[in-house]
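Only one structure is covered here, and it is reproduced in the block below.
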Amino acid sequence: MTFCLGMKCEEGLLAIADTRITSGTETSIAKKIAVHQHEEHSMFILTSGLRSIRDKALTYFEERLEEDESGLGRLYRAANALAEEMRRVRTEDEHWLTVSGLAFDLHCVIGGQLQDDDEPHLYLIYPEGNWVEVQSGTPYVIIGESRYGKPILDRAWSYDQPLVNALRDGLLAFDATFTSASDVDPPVDCVLYRNDSYHVSERRFDADDLAVLREYWGSALRSAVDDAVPLITPLMDALDQGPQHPDRISPVRPSA
């Protein structure tokens with residue numbers, strides 16, 4: 010499974026991805042973020058799904074960039090170009106994937122800012138090639154394993170917060186996923202893009218880098234749970250005093 014997170018705020022964009030690749034009983038480490046930086050062309054791509062179709066689609070896309078990167082101009086055009094290459098791979102490979110009992114499950118998140126964009130953009134591209142833009146109302150998107158990190162982001166993250174809070178909330182969402190999902194592990198790759206900078210910063214954090222945050226967050230959660238006891242006590246008392254029900258409830262018999 011994969012955990013890839015893209016976040017947007019007034020200051021720019023942040024992306025986080027785990028690096029664990031599982032194939033049968035074997036695991037390895039590989040990047041799930043591809044960064045493209047050339048003059049006033051700054052973008053990154055997050056991927057989840059079969060590694061083989063991911064690599065093929067990105068190879069086609071990168072070849073297309075080499076041929077005419079300057080012609081894209083705006084990030085939505087890059088999203089369209091990537092979507093076209095995803096459809097191309099689907100046309101070439103889906104039959105054989107189906108024969109093997111596999112699904113074409115490639116999801117992509119593309120973010121950044123190109124020369125004609127007035128601000129950074131962030132798009133989620135579905136396996137079919139259609140896309141939606143991540144905007145201020147719901148300023149993040151997760152592909153892969155989303156069940157464990159989403160509650161933290163829904164409660165804590167909003168578009169008007171700074172990028173440092175994005176890193177905080179994103180790493181806590183990753184920690185929740187790492188704690189509960191057996192196939193998501195550090196190290197984690199993080200990418201930062203600030204508005205109009207045309208510069209993508211990238212850093213990998215391993216388990217030791219995240220240990221202090223992980224220990225703090227675990228302790229804070231345990232303390233919060235303990236502190237909730239006085240709030241629960243009245244509810245427990247009400248439950249104890251609730252009406253008693255018989256062990257057996259006689260079935261309702263139809264009238265003659």
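Start counting the sequence shown at 10; every next residue gets the next number (this note's numbering).
From the three backbone atoms N, C-alpha and C, an ideal C-beta is built for every residue, glycine too.
Bear in mind the structure is a predicted one, so any value in this text is a computation, not a measurement.
Counting along the chain, Tyr225 sits inside the alpha helix (DSSP H) bounded by residues Ala216 to Asp236. Per the DSSP secondary-structure output, Gly158 pairs with nothing in a beta bridge. Classified as exposed, Trp105 has fewer than 16 neighbouring CB atoms from the shown chains inside 10 Å of its CB. Secondary-structure assignment with DSSP links Tyr149 through a beta bridge to Met16. With a 10 Å radius around the Cβ and a threshold of 16 neighbouring Cβ atoms, Ala24 comes out buried. Taking 8 Å as the upper bound for CB-CB distance, Gly120 and Met52 are in contact here, some 7 Å apart. In the structure shown, Tyr85 adopts helical secondary structure according to DSSP, grouped into three states. Beta-bridge analysis with DSSP links Thr36 to Thr31. With respect to the C-alpha of Tyr132, the residue from Ala220, Ile54 and Gln124 having the closest C-alpha is Ile54.
The beta carbons of Tyr135 and Leu22 sit no closer together than 7 Å. For Leu176, the enclosing alpha helix (DSSP H) stretches over residues Leu172 to Ser189.
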